[in-house]
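Going by the UniProt record's numbering, 63 is the number at position 63 of the sequence shown; the sequence numbering is gapless. Quick notes on the structure that follows.
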Amino acid sequence: MQSLPTLSGQARRVAKRFALVAVALELSGSVTGLPQGISMIGIKQCFDNWLAINGTGKQEDCQIIKQVETFLQMYGAGERFAS
1 MQSLPTLSGQ ARRVAKRFAL VAVALELSGS VTGLPQGISM IGIKQCFDNW
51 LAINGTGKQE DCQIIKQVET FLQMYGAGER FAS
């Protein structure tokens with residue numbers, strides 16, 4: 001089994017859900033017709049893609065920072081933030 005990087009609670013929960021889907025697909029191989037192991041490869045690729053987009057940290061923190069950056073780009077520091 002491959003090890004994962006250190007994950008935040010949010011990313012860890014996502015990893016567990018991807019793992020659950022992978023196990024379900026493996027167990028349903030006789031119904032789906034998928035060769036053994038192929039679903040694990042596909043789900044691992046999906047998780048790797050999710051991780052590349054979202055990272056290992058908290059998504060909410062990233063969204064807050066992006067919103068502040070966007071606000072400051074649109075309105076600048078201006079008088080509102082001057083002493």
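A virtual CB, placed ideally from N, CA and C, is assigned to each residue, including glycine. Computed from a prediction, not measured in an experiment: that's the story for all the values here.
By a beta-carbon distance limit of 8 Å, A11 contacts T56. Their separation comes to about 5 Å.
DSSP places Q45 in the helix class (H, G or I) of the three-state scheme.
Of all C-beta pairs linking the segment 2-9 to the segment 19-35, fewer than three are shorter than 8 Å, placing the two stretches out of contact.
Ranked by Cα distance from I38, the options W50, V21, N54 are led by V21.
Restricted to the segment 3-35, the alpha helix (DSSP H) segments that are unbroken, complete and at least 4 residues in length are 9-27, 29-32, listed in chain order. In this structure A15 touches F47 by the C-beta definition: roughly 6 Å separates them, less than 8 Å.
For K66, the enclosing alpha helix (DSSP H) has its first and last residue at 59-75.
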